[in-house]
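Following: one structure in structure tokens, then a few remarks.
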Amino acid sequence: MNNSIRVSCTKKNLKLIRDFVTEYLKALALTDILMNQIVLAVDEICANLIIHANHEDPNKYLTLKVQTVKDQVKFEIADQGRAFERNNYKEPNIQEHIKMGKKGGVGIALVNRIMDKVEFITDGTQNTCLLYKKIK
């Protein structure tokens, strides 16, 4: 099974990424809810990278690798965009967002709730986001 995909940084490629992740997860016989949550989390990170880190530049690329390690799925999303500065990230109040009808701005908070572990690594010009989710 192919476990990696490389796409240019345009929003239309988010569907390719979602389809790729869904196909990979189908083989793991997860519940629909768990599968949808994982697809949502990966989609959210990829959307942030495409829109914010790479400014939807079709000349830039991101690579998504996925593998199952023991009882968990690991996603590795790499790009050469602007690094996400986690130290400057303040988790939004989601209830407040809903009450005020704000759109967006809760993506990373959502990913942190869905996944078991979220890491951001920068090595020179390469940025990597690692997402881990226990599946057993």
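The opening residue of the sequence shown carries number 1 in full-length UniProt numbering; numbering runs sequentially from there.
For each residue, glycine too, the CB sits at the ideal point set by N, CA and C.
- prompt: Which runs of the alpha helix (DSSP H), 4 residues or longer, sit entirely within the UniProt domain "Histidine kinase/HSP90-like ATPase" (10–130)?
  reply: 14–26, 32–48, 94–100, 107–114
query: Can you give the beta carbon distance from T22 to Q80, rounded, assuming they're within the 8 Å contact cut?
result: Contact doesn't hold; Cβ gap of about 26 Å is too wide.
message: Going by beta-carbon coordinates alone, are R60 and C129 separated by less than 8 Å?
response: A quick correction: the sequence has Lys, not Arg, at residue 60. Taking 8 Å as the Cβ cut-off, K60 and C129 do not qualify as a contacting pair.
message: What does DSSP give as the partner residue(s) for K134 in the beta ladder?
response: Beta-bridge pairing links K134 to Q72.
- prompt: With C-beta atoms as the reference, is L62 less than 8 Å away from V118?
  reply: no
Beta-carbon spacing of V69, I38 below 8 Å: no
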